[in-house]
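**Student:** My questions all concern the structure below.
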Amino acid sequence: MQTNQVEITGMTCDGCVRTVRMILEKQPGVQSAVVTLSPSQAEVSFDENVTSLETLNAVVSKMGYAMKL
Ligand SMILES: [Cu+2]
Numbered sequence: 046m047q048t049n050q051v052e053i054t055g056m057t058c059d060g061c062v063r064t065v066r067m068i069l070e071k072q073p074g075v076q077s078a079v080v081t082l083s084p085s086q087a088e089v090s091f092d093e094n095v096t097s098l099e100t101l102n103a104v105v106s107k108m109g110y111a112m113k114l
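Count the sequence shown with my numbering and you get residues 46 to 114, in order.
Structure below.
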């Protein structure tokens, strides 16, 4: 399990924050996701044997957001 703090671009309101958090928490291997608007970032804890920041970034990118990796 690892925890990473990553900057997220594209979030403009609390709705975005909720959306990103729900997307992340639904992904296999993700244990928790704490998302904030200011600063615009996510703290994600996940099992690195199951998923990766690259995979999670691909998922949020489909929704119009992006992680700065
Ligand atoms: Cu929004």
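Glycine included, C-beta positions come from ideal geometry on N, C-alpha and C.
Predicted model, so just to flag it, every value in this text is computed and none were measured.
Taking the alpha carbon of N102 as the reference point, which residue from S83, P84, R66 has its own alpha carbon closest?
**Tutor:** R66
**Student:** Return the chain-ordered list of same chain residues with a C-beta closer than 8 Å to the C-beta of T96, the five sequence neighbours on each side being excluded.
**Tutor:** Q72, P73, G74, V75
**Student:** Check this for me: beta carbons of V159 and T81, under 8 Å apart or not?
**Tutor:** In this structure the chain extends from 46 to 114, so residue 159 is not present and cannot be described.
**Student:** Quick one: what's got a C-beta closer than 8 Å to A111's C-beta in the same chain, skipping five residues either side?
**Tutor:** I53, T54, G55, N102, V105
**Student:** T57: which of Q50, S90, G109 sits nearest, CA to CA?
**Tutor:** Comparing Cα positions, the closest option is G109.
**Student:** Please report how far the alpha carbon of V79 lies from the alpha carbon of L69, in whole angstroms.
**Tutor:** 9 Å
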